[in-house]
Amino acid sequence: MTTEREVLLMVHPDRDATGEAAREVSARFAKAGIRIRVIEDDVRALIDPDRHGVGSKCTVVDPDENPADGVELVFVLGGDGTLLRAAELARPAGVPVLGVNLGRVGFLAEADSDALADTVQRVVDGDYQVEDRMTIDVTVTDGGTELAHTWALNEASVEKSTRERVLDALIEVDGRPVSAFGCDGVLCATPTGSTAYAFSAGGPIIWPDVQALLVVPSNAHAMFSRPLVVSRDSVITVGIDPDGSPAVLTCDGGRLIDLPPGARVRVTCGKTPVRLVRLWDGPFTDRLVQKFSLPVKSWRERHARPCE
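Residue numbers (my numbering): 70 to 377.
Here it is, written out as structure tokens:
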């Protein structure tokens, strides 16, 4: 007996193009005999399934009850923020995520909105690959007591909680202190996250297949505050000065945890990766150039005068 195929559709509800794109995706999947699963009644209404031929092939599921379990993949319409939220649902189920960019840069997205029909067809045909991306596991302790445990695909950011104060932080690698300074924050990122917040904070870009972790101080008041690239097997610890100000931990820009003075944030390579769908075989270098519109011609070529 053949099991019916099903995808979980996640959309950014605030974008003008989302409604039209969601209806097109749903109709194309339904025509191919693939069921659509959504986690909000508002998304089902956005699709308008009875009007666009989706009908009974669209199911609403509870977002708190493993909504990605059993689907082939999670199909995302939006920017990187929407894809990161989708990754939270897909990761425990072990299913891949496919992003179609409706935002600005959309570095995590595999396709742009102008290739929507072709992207859906590639899924229908099963013509895609799946790539595992490193995550980080993050544990917060205070005086030996565990306060929180979470994870991130891009980065864990320890930042000062009030604008007027400076965060006094100590960075340790593998149980050995490296540097202490006042700063706005410290980012611990994966190679995937090196092109996100860490890049904006002055960190290097790391190719996704490099097995490493990245530490990027933000606006540190110190002679030595360079980004660090360490082994994926290393343990990174960011300690908050017990006599200093409180801080806040943010993971992937969404999950926030308050950090009291004296708290310690421990970051290690994650046990469970996030799986991303890949449609194109081009190298990461081409993606980097295209997403950031990098100049690849010499200065002379770009400023050559036309022949008279």
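All C-beta atoms, glycine included, are put in the ideal place defined by N, C-alpha and C.
Item, Value
"Straight-line gap, T219 to S367 (C-alpha atoms, nearest Å)", "45 Å"
"Status (buried if at least 16 other CB within 10 Å, exposed otherwise) for A283", "It is worth fixing the name first, because residue 283 is Leu in this sequence and not Ala. L283 should be labelled buried."
"Sequence ranges, beta strand (DSSP E) only - wholly within the segment 123-205, length at least 3", "127-129, 142-147, 166-170, 198-202"
"Residue closest to A249, alpha-carbon to alpha-carbon, out of K360, A265, P286", "P286"
"According to DSSP, residues forming a beta bridge with S300", "A281"
"Any non-hydrogen atom of the ligand GTP closer than 8 Å to G88 Cβ", "This structure lacks the ligand GTP, and indeed carries no ligand of any kind."
"Counted within 10 angstroms of its Cβ, other Cβ atoms place L363 as buried (16 or more) or exposed", "exposed"
"Spatial distance of V164 from N223 (CA atoms)", "18 Å"
"Local conformation of L256 per DSSP, three classes", "strand"
"Best match in M203, R202, T188 for proximity to D196 [C-alpha to C-alpha]", "T188"
"For P246, the residue or residues it bridges with in DSSP", "E241"
"Alpha-carbon to alpha-carbon, V336 and P378", "Residue 378 is absent from the model: the chain starts at 70 and stops at 377."
"Stretch-stretch touch, CB-based, cutoff 8 Å, three pairs: the segment 320-327 with the segment 233-240", "no"
"Neighbourhood of N170 by C-beta distance below 6 Å, restricted to the same chain and skipping five residues each side", "A178, D181"
"Close beta carbons around A281, own chain, < 7 Å, minus the five adjacent residues each side", "P260, I275, V298, V299, S300, R301"
"Three-state secondary structure assigned by DSSP to G251", "strand"
"Three-state class that DSSP yields for R335 in the structure shown", "strand"
"Whole-angstrom distance between L256 and I326, CA atom to CA atom", "15 Å"
"Beta-bridge pairing of T210 - partner residues as DSSP gives them", "E215, R333"
"Residue-chain proximity (P352, chain C), Cβ-Cβ < 9 Å", "Absent from the structure: chain C. Only one protein chain is present."
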